[in-house]
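The block underneath contains the structure these notes are about, expressed in structure tokens.
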Amino acid sequence: MGELYNLFEESAGITTDSRKVSDGELFFALKGENFDGNEFALQAVQKGALSAIVDDPSVVSDRMILVDDVLGTLQELSTYHREKLGLKVLAITGTNGKTTTKELLASVLSKKFMVHSTKGNLNNQIGVPLTILSAPCDTELMIVEMGASRPGDIEELCGIAKPDFGMITNIGKAHIAGFGDIDGVIRSKTELYRYLKSNGGSAFYN
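Numbering (our numbering), first residue to last: -2 to 203.
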């Protein structure tokens, strides 16, 4: 991970979209339900990417790095960056109000700290790593929005972002399908508080 992090520091940033590659960026060839980023790795390099991170041996060529799992590598790199920066992380989750609460807190706290926060609602297993990796080196406090569509999502995101502080805006029945019932939603959202309790963090209650 150290070698990849050195390459990241030399790069112009991270991209996962081969159509929007800028010179000097690292392209992470993620997979989706209807696409495989490995198929666009060569295109990304030809468009100026510093290197492409792939997990399909058949596409490897110059300026490509083969890993076991591209998404897992992106997540590990973001955790490495978070620890290198030595900053504090505030995580926000909840059924509603996450983005608004994040924006309000970022506005207030930026009066005293160098704050970096989630852009828009990039709050899943891809968005959280991208948020962390876009944090400038002088960041003192990062505010990370965390979303969940099934049990275990928040726990996984906590393992990536390693929050020091956390807040649940509210818990409701919206998007309940992936959790079974309201008790499932409660158990999922409170994974944040359980992480904080196990790791010496602090929770804010409203």
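Here a beta-carbon is modelled for each residue, glycine too, at the ideal position from N, C-alpha and C.
Straight-line CA distance for residue i to residue j?
i	j	result
N196	G163	12 Å
S104	A38	38 Å
V86	E142	10 Å
A88	D161	8 Å
K194	D53	39 Å
S131	G10	7 Å
E6	Y77	12 Å
H172	I129	26 Å
Candidates the options: which alpha carbon is nearest residue i's?
i	options	result
A41	R60, P54, E142	R60
K108	L138, G117, S58, S55	L138
K28	G(-1), G181, I50, N203	I50
G144	A46, C134, F176, D66	F176
I62	T187, L23, G45	L23
G156	R191, Q43, A174	R191
K44	N35, G21, D33, E188	G21
S55	Q72, I140, K170, G34	G34
N273	V125, D180, I168	As shown, the chain starts at -2 and ends at 203. That puts residue 273 outside it, with no answer to give.
I140	E30, L4, R79, N31	R79
Anyone know if the C-beta pair for residue i and residue j falls short of 9 Å?
i	j	result
T136	L84	yes
V112	L119	no
T92	V182	yes
I123	L68	yes
S(-2)	L47	The displayed chain sequence assigns Met, not Ser, to residue -2. No; because the gap between Cβ atoms is not below 9 Å, this pair is not in contact.
Using a Cβ-Cβ distance cut-off of 9 Å, determine whether residue i contacts chain D.
i	result
H172	The question asks about chain D, but that chain is absent: this structure has only one protein chain.
Can you give me the start and stop residues for the beta strand (DSSP E) that residue i sits inside?
i	result
V112	112 to 114
K85	85 to 90
G163	162 to 165
Which residue marks the beginning of the alpha helix (DSSP H) containing residue i, and which one marks its end?
i	result
A41	38 to 43
I123	Element bounds for I123: n/a, residue is neither H nor E.
A158	150 to 158
A103	95 to 106
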